[in-house]
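*Asks:* One structure, as structure tokens, below. Some questions next.
Take a look at the structure:
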């Protein structure tokens, strides 16, 4: 494989929603296109940032794109995994250990664009390339090419009909075939949050079809009392109850709550993931690991994170990547992960799935289009208009 | 205080040196100038990135400078510490928890430039402002305005006279009045490293005057054996023996080595620092904490980190900030920290100290020039030529 060219654009993602911690009005993402050449011809790989951490334009231009375009030799590997591990080392040249933020997203968006290009060069959907070269889960309940899928939304709105809109959103998500629905908590009073949850549970018909995302709102003593109330509801999971790096706080949650915990979307490296698993007292088979590989140095690092977790007694089914990007859908279906998140905000780049994917009874059935299928997701693909 | 303007430039720091992990040829830093207005007039604050993590031009322009320049109201606070805590909250608006890298340096360089401006507006050197508003150590052996100081160098060079050059460097450092000398290890065979250390110890006349910096080279079993050899020498400290986030590995070092450990330069937030102190089994009063506040969200976050550490039984004397920037010299002398690092590579922005500071018998005696004194350090000040 040779790198022919790399282009990037920063895309505004301005949204009026907010979670317990931040507003998303100024949010951006990076779209990148990498052209590669292999023995089969030239292929363009598309990559798109994950959500919530801003685009990486500056870092891409300052450090990471030049490292890729400076590769003049051919890069080879027996498998795509081996080849990408070499690319990864080039991307991380002269980068010190620690400090895993921002650059992990710059590397992630480039790395996943290269996976898109590589899959296209093999004429395979990415899920099939990953299944072939990285292996599908031993204990998956679904065959390669399929994955569980859920709908995520329920952000706070300023409108007074928030709870009604939320119920409607949950209902639409489940009716569209998504397996369960996730909403935001921790950004309002416990009274309002409980009434929002109640609306959603009522709309869904079962509390196990509702997960809640606290965006770290429940640190401290008051938080513990609120969590204990939430624990009575029988929710699918409580996501990010405390600061992502508050391992003692997380351990407390795991000791005191029977509801599954989900966390990991703000853990951006193998080193941080090891600490989370080592110190967080998360429960394999019950809790959910949401590391977002587009924010966390890409699939190469994600495979290392999964391997570490397996050594700690976890299964790939315990992994459900954050954010709902198209490449995560392929990783879930190819590696046999626990499922895929999609945003229900209509029309956004993280909503829904590519056109060749069907969603029914909580299962996404991926098509055979080569690559990650960004071209088949019009709301996402249109953001690449000036890059192709 | 009002923000009048913020300007930044990326400065190449290309150097032929390398450590155990990376080369510094493509290294950059950010220089920033912030003009503020207070009741006493207008003042320009200068900030300069720390070393080893690249400049932050992209992040500064994309997110952090706009947040500062968008402040149209006056920012007030009873003390500089309270005022800066408000600025900090503005800088971190809509930034999610976790992922502490890169942005922590962008915030750090802006935040420290503002401290320079604030100190100038009070007609005080920064050390005196910090002493007044954040307090000097209770148990410091030196009065405010003075700090222990050491020389850091001993990078690997390609020349065959490496060990002789190293001995010369150590000797020059100690003769110039620096209290001890630090060199790099872990980037060559143990045989070569031991002979380099031997040269330096011989030049210094005492092994306790020599510290070594491993830049994370001693992870794994082979590393442990090498560390046990180093532990026999009676070195001042062994710095960053393992990956900065490898808390179990660090705990092993602290249990098995009698030599003091130094670490923390790649720990960039209060949350990460808490984990280091909670899980690393570092020994208060023996080991050294090197958090580099210019890389770690600035002095506001550093004061939080120090407070946490004090609650864990540490003293401010156990803190010795990484890198040798002028603002760290003032923090050490104002807060009563354990000392200040300076680079011995002549002429660089992290070498030596401002002209109004004297260095004698291992002690730096800071002058009274208002601010951080960057204007009095010609090798650093010239890098601001196009910004002023």
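Protein chains in written order, with the numbering used here: chain A, 1 to 388; chain B, 1001 to 1388. We put the beta carbon where it would ideally sit given N, CA and C, even for glycine.
1) So is residue 229 of chain A buried or exposed if we call it buried at 16+ other beta carbons inside 10 Å?
2) Kindly indicate which three-state DSSP category residue 1340 of chain B falls into: helix, strand or coil?
3) With 16 as the cutoff for other CB atoms within 10 Å, does residue 5 of chain A come out buried or exposed?
4) Compare the C-alpha of residue 304 of chain A against each of A:13, A:170, A:29 and A:88 and name the closest.
5) Whole angstroms are fine: how far does the CA of residue 1288 of chain B sit from the CA of residue 1311 of chain B?
6) Take residue 1028 of chain B and list the residues in its own chain whose beta-carbon comes closer than 7 Å to its own, dropping the five residues that flank it on each side.
7) Could you give the DSSP three-state label for residue 1046 of chain B: helix, strand or coil?
8) To the nearest angstrom, report how far apart residue 246 of chain A and residue 238 of chain A are at their CA atoms.
9) Going by CA-CA distance only, name the one from A:183, A:283 and A:49 that's closest to residue 253 of chain A.
10) Would you check if the distance between the CB atom of residue 1059 of chain B and the CB atom of residue 169 of chain A is smaller than 9 Å?
11) Please tell me whether residue 1353 of chain B and residue 1050 of chain B are closer than 9 Å, where the distance is taken between their beta carbons.
12) Enumerate in chain order the residues of its own chain whose CB-to-CB distance from residue 338 of chain A is below 7 Å, with the five nearest sequence positions on each side excluded.
13) Who are the neighbours of residue 1268 of chain B on chain A, taking C-beta pairs under 7 Å?
14) For residue 1057 of chain B, does the three-state DSSP call read helix, strand or coil?
15) Does the distance from the C-beta atom of residue 1271 of chain B to that of residue 1100 of chain B stay below 9 Å?
16) Considering only their Cβ atoms, is the gap separating residue 94 of chain A from residue 1211 of chain B smaller than 9 Å?
17) By Cβ distance, which residues of its chain are closer than 8 Å to residue 1362 of chain B, with the 5 residues on each side in sequence left out?
18) Determine, using beta-carbon pairs with one atom in the region 1325 to 1333 of chain B and one in the region 1123 to 1141 of chain B, whether at least three such pairs fall under 8 Å.
19) Output yes or no for whether 9 Å exceeds the beta carbon distance between residue 1175 of chain B and residue 1040 of chain B.
20) Comparing C-alpha positions only, which one of A:80, A:45, A:96 and A:90 sits nearest to residue 109 of chain A?
21) Within the region 1186 to 1256 of chain B, note down every full alpha helix (DSSP H) run reaching 4 residues or more, in order along the chain.
22) Quick check: what's the CA-CA separation for residue 1365 of chain B versus residue 1302 of chain B?
23) Please confirm whether residue 291 of chain A has its beta-carbon closer than 9 Å to some beta-carbon of chain B.
24) For a test of the three-state rule: what should DSSP assign to residue 394 of chain A, helix, strand or coil?
25) Would you say residue 278 of chain A lies against chain B (beta-carbon separation less than 9 Å)?
26) How big is the Cα-Cα spacing for residue 107 of chain A and residue 1207 of chain B?
27) Taking 9 Å as the cut-off, decide whether the C-beta atoms of residue 387 of chain A and residue 32 of chain A are in contact.
28) Spatial neighbours of residue 1157 of chain B within its chain, please: C-beta separation below 8 Å, excluding the five flanking residues on both sides.
29) Residue 84 of chain A and residue 299 of chain A - do their beta-carbons sit closer together than 9 Å?
30) Shorter than 9 Å from the beta carbon of residue 104 of chain A to some beta carbon of chain B?
31) Judging by CA-CA distance, which residue of B:1336, B:1325 and B:1369 is the nearest neighbour of residue 1379 of chain B?
32) State the CB to CB distance for the pair residue 279 of chain A and residue 1297 of chain B, rounded to an integer number of angstroms; the pair is presumed to be in contact (CB under 8 Å).
33) Please list, in chain order, all residues of the same chain as residue 42 of chain A whose beta carbon is under 8 Å from its beta carbon, the five residues on each side excluded.
34) Looking only at its chain, what residues have a beta carbon closer than 6 Å to the beta carbon of residue 1217 of chain B, apart from the 5 residues adjacent to it on each side?
35) Against chain B, with Cβ distances strictly below 9 Å, would residue 7 of chain A count as a contact?
36) Give me the chain A residues within the contact set of residue 1245 of chain B, using Cβ-Cβ distance strictly less than 7 Å, ordered along the chain.
*Replies:* The relevant details are as follows:
1) exposed
2) strand
3) exposed
4) A:88
5) 16 Å
6) 1010, 1011, 1012, 1013, 1054 and 1055
7) strand
8) 16 Å
9) A:283
10) no
11) no
12) 148, 288, 317, 318, 319 and 320
13) 99
14) helix
15) yes
16) no
17) 1148, 1149, 1150, 1177, 1178, 1179 and 1180
18) yes
19) no
20) A:45
21) 1190 to 1204, 1220 to 1231 and 1247 to 1256
22) 23 Å
23) no
24) Residue numbering for chain A in the displayed model covers 1 to 388; residue 394 of chain A lies beyond these limits and cannot be assessed.
25) yes
26) 42 Å
27) yes
28) 1016, 1017 and 1165
29) yes
30) yes
31) B:1325
32) Not confirmed; about 23 Å, so no contact.
33) 4, 35 and 36
34) 1020 and 1186
35) no
36) 98, 271, 272 and 275
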